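Participant:
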Ligand code: FPP
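Residue numbers (my numbering): 368 to 595.
#1: Please report the distance separating the alpha-carbon of residue 386 from that of residue 569.
#2: With DSSP as the reference, label residue 552 as helix, strand or coil.
#3: Mapping DSSP to helix, strand and coil, what is residue 543?
#4: I'd like to confirm something about residue 500: is its beta-carbon nearer than 6 Å to some heavy atom of the ligand FPP, or not?
#5: Exposed or buried, what is residue 455 when buried is set at 16 or more other beta-carbons lying within 10 Å of its beta-carbon?
#6: Flag this pair as touching only if the segment 505-523 and the segment 443-461 have three or more C-beta atom pairs under 8 Å; answer yes or no.
#7: Would you tell me roughly how many angstroms separate the C-alpha atoms of residue 475 and residue 503, rounded to the nearest one?
#8: Could you tell me which residues DSSP puts in a beta bridge with residue 402?
#9: Run through DSSP, which three-state label would residue 425 get?
#10: Looking at the unbroken beta strand (DSSP E) that takes in residue 582, where does it start and where does it end?
#11: For residue 498 and residue 413, which I take to be in contact (beta-carbon distance under 8 Å), what is that distance rounded to the nearest angstrom?
#12: Out of 558, 379, 410 and 375, which one is the CA nearest neighbour of residue 571?
#13: What is the DSSP secondary structure of residue 503, counted as helix, strand or coil?
Quick look at the structure:
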């Protein structure tokens with residue numbers, strides 16, 4: 368049995384959910400079926416995280432670069448995310464989960480923006496865990512918009528202007544499907560994050576493997592550039 372020592376739990380775990388398309392292709396199915404199954408993994412990880420007492424989890428659901436995918440895949444993903452936001456409301460309310468979206472909201476459609484506002488409003492009182500979906504997000508976009516606003520405000524504290532202001536930097540980043548890259552995700556915030564890479568495709572990434580990744584994290588020696 369895998370045991371995770373509470374003191375060695377990360378505060379913020381973030382996921383690059385990769386491999387949905389390949390998962391579907393292996394089964395001769397449409398890519399969207401992979402994303403559909405990927406939402407099941409998001410739910411499984413959310414439930415496990417609440418049980419463990421993790422305070423922040425976040426998922427890279429749609430990058431700025433993903434806008435370049437086919438029209439069918441983009442609109443399919445948007446309606447899938449919209450549906451998931453509606454379906455998961457009871458899970459969030461029952462478990463004290465606060466839902467947030469971070470990204471370039473200007474590029475999202477009116478229906479998706481409305482769905483986000485509604486869910487963020489209804490879950491604003493959730494205090495057990497915060498779940499963040501990064502949507503239409505890229506690290507370079509975030510640093511650019513922060514730099515612009517920081518200059519306008521005459522400040523030199525970039526953290527205050529990043530889209531993630533107030534969210535602790537991730538302690539652990541898990542990327543599935545064998546890719547070992549940051550892919551323009553939180554470029555500033557991942558400075559001292561521990562990385563765990565797994566070959567498992569996102570739709571197959573569930574609780575047991577999550578616990579194994581947390582155990583791996585607990586064994587890491589984090590020095591933040593200092594000598595211990
Ligand atoms: C990467 O796999 C996955 C995505 C680009 C989308 C992930 C989004 C979800 C699972 C929706 C979750 C949303 C909510 C609101 C819970 P890929 O398509 O790049 O896979 P491939 O590399 O095998 O082609």
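Just so it is clear, CB atoms sit at the ideal spot from N, CA and C, and this is done for glycine as well. Remember, predicted model here, so these are calculated numbers, not experimental data.
Facilitator: According to the structure shown:
#1: Taking the straight line joining both Cα atoms gives about 6 Å.
#2: Secondary structure at residue 552: coil, using DSSP grouped into helix, strand and coil.
#3: Reduced to three states, the DSSP call for residue 543 is coil.
#4: Flag set: Cβ of residue 500 near the ligand FPP.
#5: Residue 455 should be labelled buried.
#6: By the criterion of at least three beta-carbon pairs nearer than 8 Å, the segment 505-523 is not in contact with the segment 443-461.
#7: Here the C-alpha atom of residue 475 lies approximately 7 Å from the C-alpha atom of residue 503.
#8: Partner residues in a beta bridge of residue 402, as assigned by DSSP, do not exist.
#9: Correct three-state label for residue 425: strand.
#10: Careful: residue 582 lies outside any beta strand (DSSP E), inside the alpha helix (DSSP H) at 574-585.
#11: Correct: roughly 6 Å between the Cβ atoms.
#12: Check the Cα spacing between residue 571 and each of 558, 379, 410 and 375: the tightest is with 410.
#13: Looking at residue 503 - three-state DSSP - the assignment turns out to be strand.
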